[in-house]
Each structure stands twice: as structure tokens, then as C-alpha cells.
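Visitor: One structure follows; several queries about it will come next.
In the working numbering, the protein residues as written are 156 to 424.
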């Protein structure tokens, strides 16, 4: 009986509380940011790239780029009270072009350029501390979903007995989670608008990438010996048996620090 009373109370009074919150001010803004990706496991994995998992073929790898980030976001934040906000952020983050060059012991040269970009949707919470009449210190955190695209363009050439040239083209996608921590200073320009300068840490966690490579359903795989390569999904069992390895899809756990600038419009009612 007591449980029924609680439900009746919630159903009766929750709409009034919700309407009261919805009557609070709302911030709508646009943000651009620039930063650096934190070096991590992704870099060490790509440093072990191999176009062949043949244990008798050795590779020399050179990696460059893929460090800089560019972020574009739009957000809406509902004021819960005078010092806290709950919001939704939608955005995209691009990595600078990642260039990989491989030279193998069987006389092949492979050059691949990768473009990696991700979209994210975050639920956020922010806490505001007034500093002066026109300055605020705002701190926030968020969590949500991300979808990343990994596009590869390049070529391979060489060979000892039968020299050949191959174009390399791949499109992969992976889905996962995104996390955010940020701090900013808000400079009020008027009663209903302000600009924001801040620093944020953005992290994405993706379990694996799958897609198409040279016209075949493929994935980016990581071997138990640390080697990374792109393989047709139907060949994975053959590779496991012939090389005595266990292959799994390459994951991406990558974070970046970003400086950002925002323009925000506040709607009072």
C-alpha cells in the first residue's frame, strides 16, 4: 500500500516539478576547438603494422601525423538552478592525416594515408561558480556514444619475381563510448549572451573497426604477437591456423586535450 502511495505522489507532482525546471533559462551554443591526441596504445599498435602475417617476412614501419585534433560542437543546456546545468552536446572530432610507410623484406613498399574522424552525442552536467558580475567559472563532465570512421587510401608496389602495383582503399567504422571532462571561463557580453574559453579532455573507447577494404568485407586486426593488419574476414581462420596466432579486431582507446572557444545565447523564458 505504501508503494502505491509513493507512485501516486510521483505521478501527481512530478509533472509540476518538470514544468518548473523547463521554465528555467536555456543555453544554446556553438563551439570550435583545437588540440593534441595523447600518445597511447594505438600508436604502439600501428607501429607493428604488417601487410603480411607471414612470420618469415619482416617490416620496417614509419608513422607520421595523426596527432592534431579539430573539434566542432553544438550544445543545449538547461539550467536546473542558479549554479547547475544539464545538457546535450552533438559534435565531430577530426584527427590530422596519419601517414604510414612500410618496407618489407620481400621487397614491397606500402604507403597508406588514414583519415580518422568521429561523431559523438553526450549527456552533460555543468556546475557554475560566479567570479565577478560578468565572469563565471564553469566545470563539466559528460558521457555518451561515438561513431568513428577510418578511411584508408594508398598503394603497394614491388615484388621480386613478379613486380606489381596495387591501389589500396578502405573504409571502416566502429562504435563505442565517449567521455568528457572540461573547465572554462565564461565572459558575459550582455544579459542573454556570453563567450567561453576552456580546456577539455575528450576520450573515445571503440571495441573494433569493420568495413570494406579493396572491395572485400574486412576488418583491422591485432595479432597475439602485437602485429596489426587488414584482412578479409573470411581469411581470419586461415591466418590463425597458419601462423598459430589469435586475431582480434583492433580497438581504439584514445584521448585528446583540446582548447576551445564557444559562443552562447541564453534564452531566459
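Here a beta-carbon is modelled for each residue, glycine too, at the ideal position from N, C-alpha and C.
At which residues does the beta strand (DSSP E) containing residue 223 begin and terminate?
Guide: Looking up residue 223 in the chain shown gives position 68. Residue 223 -> beta strand (DSSP E) spans 223 to 234.
Visitor: Between the alpha carbons of residue 314 and residue 202, how many angstroms are there, rounded?
Guide: Residue numbering aside, residue 314 sits at position 159 when the chain shown is read from its first letter. Residue numbering aside, residue 202 sits at position 47 when the chain shown is read from its first letter. Going by the C-alpha atoms only, they are around 22 Å apart.
Visitor: Out of 327, 269, 310, 241, which has the shortest C-alpha to C-alpha gap to residue 304?
Guide: Position 149 of the chain shown, counting from 1, holds the residue named residue 304. Among 327, 269, 310, 241, the Cα nearest to that of residue 304 is on 327.
Visitor: Using beta-carbon positions only, say whether residue 247 and residue 241 come within less than 8 Å of one another.
Guide: Along the chain shown, read from residue 1 onward, the residue named residue 247 stands at position 92. Along the chain shown, read from residue 1 onward, the residue named residue 241 stands at position 86. No, Cβ-Cβ distance for residue 247 and residue 241 is not below 8 Å.
Visitor: Thinking just about the alpha-carbon of each residue, which of 300, 294, 214 is nearest to the one in residue 259?
Guide: Looking up residue 259 in the chain shown gives position 104. Cα-wise, what sits closest to residue 259 is 214.
Visitor: Thinking C-beta only, is residue 377 closer than 8 Å to residue 405?
Guide: Counted from its first residue, the chain shown places residue 405 at position 250. Counted from its first residue, the chain shown places residue 377 at position 222. Contact: yes.
Visitor: If you reduce the DSSP assignment to three classes, tell me which class residue 201 lands in.
Guide: Looking up residue 201 in the chain shown gives position 46. It is helical.
Visitor: Buried or exposed: which applies to residue 371, given that a residue is buried once 16 or more other Cβ atoms fall within 10 Å of its Cβ?
Guide: The sequence position of residue 371 within the chain shown is 216, counting from 1. Its Cβ having fewer than 16 others within 10 Å, residue 371 is exposed.
Visitor: Taking the beta carbon of residue 168 as the centre, do at least 16 other beta carbons fall within 10 Å, making it buried, or is it exposed?
Guide: Locating residue 168 in the chain shown gives position 13, where the first residue counts as 1. For residue 168, the predicted model reports a pLDDT of 42, less than 50, meaning its position is unreliable; a value from the coordinates is still stated below. Label assigned to residue 168: exposed.
Visitor: Using CA coordinates, which residue listed in 387, 178, 356, 299 is at the minimum distance from residue 235?
Guide: The residue you call residue 235 lines up with position 80 of the chain shown. Ranking 387, 178, 356, 299 by Cα distance to residue 235 puts 178 first.
Visitor: Measuring CB to CB, does residue 219 end up less than 8 Å from residue 282?
Guide: For the purposes of this step, residue 219 is identified with residue 64 of the chain shown, where counting begins at 1. For the purposes of this step, residue 282 is identified with residue 127 of the chain shown, where counting begins at 1. No; because the gap between Cβ atoms is not below 8 Å, this pair is not in contact.
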